[in-house]
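Residue numbers (UniProt numbering): 1 to 271. Every residue gets a Cβ at the ideal spot worked out from N, C-alpha and C, and that includes glycine. See structure below.
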C-alpha cells in the first residue's frame with residue numbers, strides 16, 4: 001500500500017496523532033528530502049528509524065515503478081518536505097504507477113498551505129482552482145495568466161519570494177487593476193502574514209523584499225455577457241495562442257455561461 005502522509009507546513013503542533021502513529025510504525029518512507037524527514041522524526045520524538053528512500057523531482061520517473069512494486073507487498077509511506085505529497089511536490093508519478101499496478105493508495109490528511117490560504121484570504125471559497133507554481137520564464141508566465149484572465153473561480157498559486165513582485169505585476173497586467181489579491185506568507189509559522197490589495201498595491205510591498213513560503217490567492221473574474229460571435233472570437237484567439245480547441249471552448253464557456261459544445265461546433269464550422 002502507498003500511504004501519502006501530510007506533514008506540518010510550519011507548526012509542529014499540526015502533526016496529527018495518525019501521522020505520528022504511521023511514522024512510528026513505518027518500515028519504508030519515501031521522502032522528498034531524507035534529511036528533512038530525519039529532522040521531522042527527531043522533532044516529533046519518534047524513535048523509529050525506517051528505511052528512507054529519496055523521492056524527488058529528479059528521480060521520481062524511475063523510482064516510481066520500483067516503489068510501486070515494493071508497495072504491492074508492504075506499506076510505503078510517502079512524505080514531502082511540508083504538506084501533502086503529490087500536490088506541487090513529488091508523489092503523483094508514484095501514485096500513477098501504483099494505480100496502474102492495482103496497488104492500494106490512501107492518505108493521511110493534514111496541513112495544506114493552499115487550502116489554508118484560501119480559507120483566510122477573504123475570497124469566495126465555493127469554487128476555486130489550484131494552479132500551483134507559475135512558469136519561471138516571463139513570456140510563458142504572462143501567457144498562462146492571460147489564459148486565466150476570464151477564470152471565474154478563485155485562483156490559488158504558489159510562488160517564490162524572488163519572483164513574487166514580478167508575478168504580481170504580471171497579474172495586474174493580465175487581470176486588471178481592480179482584481180483583489182491576497183498574499184499569504186509563512187502560514188502557521190511565527191511570522192505568518194496576509195497582505196490584501198490590488199496587484200499594484202502589493203507589488204510595491206513585495207519589491208521591498210519578502211521572505212518565506214508564499215501562497216497567492218486571486219479573485220475570479222466576473223462573468224461578462226457576450227454574444228455568440230464574440231465568444232467564438234475568444235475561442236479562436238485562445239486556439240491561436242496554442243490552446244487545444246476543446247480546452248479553449250471549455251474556458252470561454254466557463255467565463256461566459258455559453259455552451260461549450262455549441263462553441264465547439266461553431267468553431268469547427270468556422271474553419
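In this structure, DSSP gives residue 51 an extended state, which the three-state scheme calls strand.
Spatial neighbours of residue 212 in its own chain (CB-CB distance under 6 Å, excluding positions within 5 residues in sequence) are listed in chain order as 185, 186.
Uninterrupted beta strand (DSSP E) stretches at least 3 residues long and entirely within the region 81-162 occur at 105-108, 128-133, 154-159, given in chain order. A residue is called buried when at least 16 other Cβ atoms come within 10 angstroms of its Cβ; residue 140 does not meet this threshold and is exposed. Rounded to whole angstroms, residue 238 and residue 143 show a C-alpha spacing of 10 Å. Look at residue 187 here: in three-state DSSP terms it is coil, with no helix or strand label. The alpha-carbon separation between residue 146 and residue 115 amounts to approximately 24 Å.
For residue 197, the three-state secondary structure derived from DSSP is strand. Counted as a single uninterrupted DSSP element, the beta strand (DSSP E) harbouring residue 78 occupies residues 76-79.
With fewer than 16 neighbouring CB atoms inside 10 Å of its own CB, residue 246 falls in the exposed class.
The DSSP-derived three-state label of residue 235 is helix. Here DSSP, grouped into helix, strand and coil, assigns residue 222 to coil. The continuous alpha helix (DSSP H) containing residue 20 extends over residues 17-25. Distance between residue 80 and residue 269, taken at the CA atoms: about 48 Å.
Following the DSSP letters along the chain, one finds residue 5 inside the beta strand (DSSP E) bounded by residues 2-5. Each residue's CA atom was taken as its position, placing residue 183 and residue 176 some 17 Å apart. In the three-state DSSP reduction, residue 181 falls in the strand class (E or B). With respect to the 8 Å criterion, residue 124 and residue 254 are not classified as neighbours on the basis of their beta carbons. Here the alpha carbon of residue 19 sits roughly 41 Å from the alpha carbon of residue 244. Cβ neighbours of residue 200 within its own chain (closer than 7 Å, five residues either side excluded): 172, 177. Shortest Cα-Cα distance from residue 262 to any of 227, 8, 210 involves 227.
When C-alpha distances from residue 97 are compared across 118, 72, 89, the shortest belongs to 72. Residue environment: residue 45 is assigned as exposed (fewer than 16 neighbouring CB atoms within 10 Å of its CB, all protein chains considered). The alpha-carbon of residue 113 is positioned some 7 Å away from that of residue 9. Check the Cα spacing between residue 168 and each of 133, 3, 258: the tightest is with 133. In this structure, residue 121 sits near residue 217, with a CB-CB distance shorter than 8 Å.
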